[in-house]
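K.L.:
Dropping the structure in here first, questions after.
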Amino acid sequence: MFTVTVPATTANLGPGFDCVGAALNLYNSFTFRLTDADTQIEIEGEEAGRVTQTKNNLVYQAFRDFFNHLGRPVPAVHVQITLGVPLSRGLGSSATAIIGGLVGANLLAGSPYTLEELLPLAIAREGHPDNVVPALLGGCRLAVGSEKSSTWVYPKISWHEAVVPIIAIPNFELSTEAARQVLPQTCSYGDAIFNMSHLGLLIRGLELGQADWLTIALGDRLHQPYRKSLIKGYDAVAAAAKDAGAYGLVISGAGPTLLALGNQEQAPAIMAAMESAWQTMGVVAQVQTTSIANRGVLISDERVLK
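To convert, count from 1 in the sequence shown and add 897; that's my numbering.
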């Protein structure tokens, strides 16, 4: 029996659309054990009633992907899921399920693969790397696929300890599919260059904790101008956060969670401003500071890893 604990993630960070993500200190846990009975999935947590307990569960689908890839029969398994990451809020809940299922399957199979060798399977199931890479490996990551092969590189982006992530999770949802549908099929050279330059500055700003650089670097022209219309009160919350001292505010993943960056001294004021701005529109939001989860996936017995 193994327990796999996987962190939430925040993806894109403004200009890093579909290629940058960071692991946060919120977690889902998955306990796996082989069974002689039929496969069974049990779920606990505040939103447990919304997650299927059938073999359509994403954790089980990833578990099955692994054994199919290995060319071995899929064993009967008992899976206990403990939810701590809100669903459909832009915090990588699906990535935690995929990573949990793949890592659990790998452990029960005797760990034939290293963690990094599981990444292509995770990316294939998720469709893009920005959430699954930091969920598995931890930290803030840039994920880049090779143009000539199916290989990926995923260097760690240094995150200065003085830069505090602040998340505001509203009491409404936004599906990734809906957020994808509002995006245009093409963009201009100007918008592409804007994002390239801002991503470079973001990486350096996070590394050095350079507040004035981060204030500029969080700008984006590829996804947020289109998606913010789907998030009630986005402009008001963004303005309130900046007025309270935030370097900037971005959509976490596909949303609707919003992520502000600031310093430790201003964090309480930023939190209060974001919560109040949404509250005036009838939106209840859970607002909190968090930190970067540098370890990524955690396993109950690390001696089984290669």
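A virtual CB, placed ideally from N, CA and C, is assigned to each residue, including glycine.
None of these values were measured; they are calculated from a predicted model.
What does residue 925 pair with, by DSSP beta-bridge criteria?
P.N.:
On the sequence shown, position 28 is the one that residue 925 refers to. DSSP lists 903 as partners of residue 925.
K.L.:
Residue 1133 and residue 1035 - do their beta-carbons sit closer together than 8 Å?
P.N.:
Position 138 of the sequence shown, counting from 1, holds the residue named residue 1035. Position 236 of the sequence shown, counting from 1, holds the residue named residue 1133. Taking 8 Å as the Cβ cut-off, residue 1035 and residue 1133 do not qualify as a contacting pair.
K.L.:
What are the start and end residues of each continuous alpha helix (DSSP H) run of 4 or more residues lying completely inside the stretch 1127-1190, in chain order?
P.N.:
1131-1140 and 1164-1176, all fully within the stretch 1127-1190.
K.L.:
What is the DSSP secondary structure of residue 936, counted as helix, strand or coil?
P.N.:
As a first step, residue 936 is located in the sequence shown; it is residue number 39 there, counting from the start. Three-state DSSP puts residue 936 in coil, outside helix and strand.
K.L.:
Let me know the secondary structure DSSP gives residue 999 once reduced to three states.
P.N.:
Your numbering for residue 999 matches position 102 in the sequence shown. Residue 999 falls in the helix class under three-state DSSP.
K.L.:
Specify the secondary structure class of residue 1122 as computed by DSSP and reduced to three states.
P.N.:
By 1-based counting over the sequence shown, the position of residue 1122 is 225. Note: residue 1122 maps to helix in three-state DSSP.
K.L.:
Below 8 Å on the Cβ atoms is my guess for residue 1115 versus residue 1147; work out the distance and round it to an integer in Å.
P.N.:
Translated into positions along the sequence shown, residue 1115 becomes position 218. Translated into positions along the sequence shown, residue 1147 becomes position 250. That pair is a contact at about 6 Å.
K.L.:
Quick check on residue 1056: does DSSP put it in helix, strand or coil?
P.N.:
One-based indexing of the sequence shown puts residue 1056 at position 159. If DSSP states are grouped into helix, strand and coil, residue 1056 belongs with coil.
K.L.:
Would you call the stretch 986-1006 and the stretch 950-966 touching, i.e. three or more CB-CB distances under 8 Å?
P.N.:
At 8 Å Cβ cutoff, the stretches touch.
K.L.:
Exposed or buried, residue 1217, counting other C-beta atoms within 10 Å across all chains shown (16 or more means buried)?
P.N.:
Nothing can be reported for residue 1217: it is not among the residues displayed for the chain, which extend from 898 to 1203.
K.L.:
Who are the near neighbours of residue 940 in its chain, counting only those whose CB is closer than 6 Å to its CB and skipping five residues on each side?
P.N.:
Against the sequence shown, residue 940 aligns to sequence position 43. Correct list, in chain order: 948 and 978.
K.L.:
Would you mind working out which of 1188, 907 and 1008 sits nearest residue 899, comparing C-alpha positions?
P.N.:
Here residue 899 refers to the residue found at position 2 when the sequence shown is read from its first residue. Per the Cα distances, 1008.
K.L.:
Considering only DSSP beta bridges, list what residue 1089 is partnered with.
P.N.:
Within the sequence shown, the letter at position 192 stands for residue 1089. In DSSP, residue 1089 forms no bridge with anything.
K.L.:
For residue 1109 and residue 1079, I'd like the C-alpha separation in whole angstroms.
P.N.:
What you label residue 1109 is simply residue 212 of the sequence shown in a count that begins at 1. What you label residue 1079 is simply residue 182 of the sequence shown in a count that begins at 1. Those two C-alpha atoms are separated by around 31 Å.
K.L.:
For residue 1188, which residues of its own chain have a beta-carbon under 8 Å away from its beta-carbon, when the five flanking residues on both sides are left out?
P.N.:
Residue mapping note: residue 1188 aligns to position 291 of the sequence shown, counting from 1. The residues are 921, 922, 1061 and 1062.
K.L.:
Taking only runs that begin and end inside the stretch 1011-1060, name each unbroken beta strand (DSSP E) of 3 or more residues, in chain order.
P.N.:
Counting only runs of 3 or more, we get 1037-1039.
K.L.:
What are the boundary residues of the beta strand (DSSP E) that includes residue 977?
P.N.:
In the sequence shown, residue 977 corresponds to position 80, counting from 1. Its beta strand (DSSP E) spans residues 974-979.
K.L.:
My output table needs one value for residue 941: the three-state DSSP class, helix, strand or coil.
P.N.:
Working through the sequence shown from its first residue, we reach residue 941 at position 44. Of the three classes helix, strand and coil, the one that applies to residue 941 here is strand, per DSSP.
K.L.:
Please name the residue in 927, 1174 and 1182 whose C-alpha comes closest to that of residue 937.
P.N.:
By 1-based counting over the sequence shown, the position of residue 937 is 40. For residue 937, the nearest C-alpha among the options comes from 927.
K.L.:
Between which two residues does the alpha helix (DSSP H) containing residue 1213 stretch?
P.N.:
No statement about residue 1213 is possible, as the shown extent of the chain runs from 898 to 1203 and does not include it.
K.L.:
Do the CB positions of residue 1151 and residue 1076 come within less than 8 Å of each other?
P.N.:
For the purposes of this step, residue 1151 is taken as residue 254 along the sequence shown, with counting starting at 1. For the purposes of this step, residue 1076 is taken as residue 179 along the sequence shown, with counting starting at 1. Going by C-beta atoms, residue 1151 is nearer than 8 Å to residue 1076.
K.L.:
When you compare the CB positions of residue 1111 and residue 1144, do they come within less than 8 Å of one another, or not?
P.N.:
Mapped onto the sequence shown, residue 1111 falls at position 214. Mapped onto the sequence shown, residue 1144 falls at position 247. Yes, Cβ-Cβ distance for residue 1111 and residue 1144 is below 8 Å.
K.L.:
What does DSSP give as the partner residue(s) for residue 908 in the beta ladder?
P.N.:
As a working mapping, residue 908 is identified with position 11 in the sequence shown. For residue 908, which the question treats as bridged, DSSP gives the partners 918.
K.L.:
In three-state terms, what does DSSP make of residue 1192?
P.N.:
Within the sequence shown, numbered from 1, the residue matching residue 1192 stands at position 295. Residue state, collapsed to three classes: coil.
K.L.:
Between residue 1065 and residue 1154, is the Cβ-Cβ spacing less than 8 Å?
P.N.:
Reading the sequence shown from its first residue, position 168 is the one you call residue 1065. Reading the sequence shown from its first residue, position 257 is the one you call residue 1154. Yes.
K.L.:
Express the C-alpha separation of residue 1012 and residue 1275 in angstroms, rounding to a whole number.
P.N.:
Since the first residue shown for the chain is 898 and the last is 1203, residue 1275 is missing from the structure and cannot be characterised.
K.L.:
In the structure shown, what three-state DSSP assignment does residue 931 receive?
P.N.:
On the sequence shown, position 34 is the one that residue 931 refers to. Three-state DSSP puts residue 931 in a strand.
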